[in-house]
Structure formats: structure tokens, C-alpha cells
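Written out below as C-alpha cells is the structure these notes cover.
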Amino acid sequence: MQNVQTNYSSRKLIYKLALLGGLVVAGCMQSSTPIVVDNQPTTPAEPSQTIPAETEYYYYLDGARVPLTPSFEWIVVKFASADRAVREDVLMSYGSPLGSLDQARDIPPLGITILPLQTGLSPRAHTELMEKMRGDKINFLLVNPLFYTADAEMAVGDEFIATFPPATSQAEIDEANAAHGVELVQPILGQDNTFVLRVTGGAELDALSMANLYQESGIALHAAPNFIRINH
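Residue 11 in the numbering used here sits at position 11 of the sequence shown; the count goes up by one each step and never skips.
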């Protein structure tokens with residue numbers, strides 16, 4: 001069993017961190033990999049350590065794009081069914097791109113699973129698999145890449161954090177969220193117009209893309225995913 005603790009930091013820290021928000025996950029999973037959300041900044045993996053991605057992944061820090069390096073060995077999902085037998089059947093239906101459920105890493109408090117991918121999966125095959133799985137709304141509620149940094153892996157669930165302009169009313173925030181298929185999870189205490197938000201099943205974008213949209217469109221002053229840090 002894992003313990004989940006909320007521990008939201010100041011706004012300055014929120015947007016200085018690669019790990020945003022307050023999920024602190026401790027304990028053990030099916031694997032022994034520790035999961036924490038801490039106050040350490042993200043350092044992208046060196047390009048020499050990675051294969052160029054088919055899709056450009058990034059988030060915003062202090063208004064600047066920060067590149068994200070996707071893993072071609074793991075993928076983050078949230079299954080629609082909690083039944084292990086159903087999950088195994090789903091993975092079998094996808095064939096060789098996905099590994100065994102026995103090798104998967106579960107994060108029960110967040111409801112997400114980190115699935116293994118076959119060795120040597122190409123960037124194009126990775127992108128095609130992501131698109132196929134995201135289109136499978138019957139079996140998956142969420143499908144996201146797993147990202148590498150210099151000292152950890154980073155997962156993105158369905159949450160992001162946004163700070164709205166001071167003059168934006170709560171009604172305007174609610175209207176903007178509803179228009180994009182986003183729901184308010186909770187405010188960050190002591191931080192004006194700063195909220196943890198969640199993309200819903202009606203959203204057309206994942207949490208990372210939605211955070212970037214809020215940032216780039218000016219809906220929010222700052223927006224970034226609520227990263228989950230997985231220490232090596």
C-alpha cells in the first residue's frame with residue numbers, strides 16, 4: 001500500500017520545479033522503484049543518451065520551452081478496467097509492441113500503470129502506438145509517454161497546474177475550463193488564482209498538451225503538468 005500526501009509549495013517553487021503540484025508517493029510498487037514528488041529541478045537527458053523522438057515534447061518553465069525526452073522502453077497508461085484478466089487480454093490484443101503485465105509498474109494512488117515496450121521500438125512506431133492506444137477509449141482512460149531526465153523518470157497523469165491572471169474571475173476560470181474539457185481539482189492555498197486542474201474524458205488533449213495550450217494561448221499566466229518523479 002502506498003501513502004499519498006498533498007504538499008503544495010509556493011507559486012515560485014511550483015513553476016521552478018519539474019515536479020509540480022503536491023503528490024508525494026512513497027512505498028513500494030510491484031517493482032522496487034521509489035516514486036516521489038520533490039523539489040528538485042528537472043534536467044533534460046543529454047541528447048547523446050537518447051533517440052530523436054517523432055513528436056516534440058516540451059513544457060514551460062519561466063515562459064521558456066523545456067524539452068522533454070520520451071522513453072521508448074515504457075509508456076504510462078490508466079486502464080479502464082481494474083480487472084487484471086481484462087488488462088492482460090487488452091495487452092495481448094496489441095501484440096508485440098507491448099510487454100508483459102508482469103513487468104508493469106503500478107502506481108495505485110494515481111491509478112496509473114507504467115507498461116513495458118518491446119526492445120528497439122522506433123520513434124515512429126512509438127508515436128503510432130500512442131495514437132492507437134489513445135483512440136482506444138474503451139480500454140484506456142489515459143495514455144502518455146514516460147520521460148527521461150538526467151536522474152529520474154517523469155510520468156504525466158491527467159493533472160496540470162495553472163495560474164490565471166489576477167483579474168480573471170472564478171466564473172471566467174470555470175468557463176474556460178469547461179470549454180476545454182478541464183475540471184478544477186483544488187486551489188493551491190495561499191496562491192491567488194492558482195489551481196490543480198484535471199483533463200476529463202471530454203478533453204481533446206492530454207494534460208501536457210493542455211498545459212501548453214493554456215500557457216501559449218494566454219488563458220493562464222503559467223501552466224505546466226503535475227509531473228510524477230520516479231527516482232532511479
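Backbone N, C-alpha and C fix where the C-beta goes; we use that ideal spot for every residue, glycine too.
This structure is a prediction, so every number in the text was calculated from the model and none was measured.
Between the stretch 67-82 and the stretch 108-117, can you find at least three pairs of beta-carbon atoms closer than 8 Å?
yes
At a cut of 8 Å, does the stretch 204-211 reach the stretch 224-231 through at least three beta carbon pairs?
yes
Given that a residue counts as buried once 16 or more other Cβ atoms are within 10 Å of its Cβ, and exposed if not, what is residue 96?
Of the other Cβ atoms in all chains shown, fewer than 16 fall within 10 Å of the Cβ of residue 96; this residue is therefore exposed.
According to DSSP, residues forming a beta bridge with residue 153:
148 and 230
What span of residues does the beta strand (DSSP E) with residue 69 cover, start to end?
64-79
Span of the beta strand (DSSP E) holding residue 187?
182-187 is the extent of the beta strand (DSSP E) around residue 187.
My output table needs one value for residue 219: the three-state DSSP class, helix, strand or coil.
coil
Pull up the distance between the alpha-carbon of residue 99 and that of residue 67, whole angstroms please.
Their Cα atoms are separated by approximately 27 Å.
Which class does residue 104 belong to by DSSP, given the choice of helix, strand or coil?
coil
Between residue 60 and residue 215, what straight-line distance do the alpha-carbon atoms span, to the nearest angstrom?
8 Å
CB-CB under 6 Å to residue 133, same chain, minus the five flanking residues each way: which ones, in chain order?
140 and 143
Helix, strand or coil: which one does DSSP assign to residue 82?
coil
In whole angstroms, what separates the C-alpha of residue 104 from that of residue 155?
14 Å
Same chain, Cβ closer than 8 Å to residue 250, neighbours up to 5 away in sequence not counted:
Outside the modelled stretch of the chain, which goes from 1 to 232, sits residue 250, for which no answer is possible.
Please report how far the alpha carbon of residue 184 lies from the alpha carbon of residue 196, in whole angstroms.
6 Å
Out of 65, 71, 64 and 62, which one is the CA nearest neighbour of residue 147?
Measuring from the Cα of residue 147, the nearest candidate turns out to be 71.
Residue environment, residue 86, which counts as buried when at least 16 other CB atoms sit within 10 Å
exposed
To which residues of the same chain is residue 84 closer than 8 Å at the C-beta, ignoring the five residues directly before and after it?
101
C-alpha distance - residue 172 paired with residue 160, whole-angstrom precision:
18 Å
Closest Cα partner of residue 193 within the set 219, 118, 231 and 62
Of 219, 118, 231 and 62, the residue nearest in Cα terms is 219.
Can you tell me whether DSSP reads residue 131 as helix, strand or coil?
In this structure, residue 131 counts as helix in the three-state DSSP scheme.
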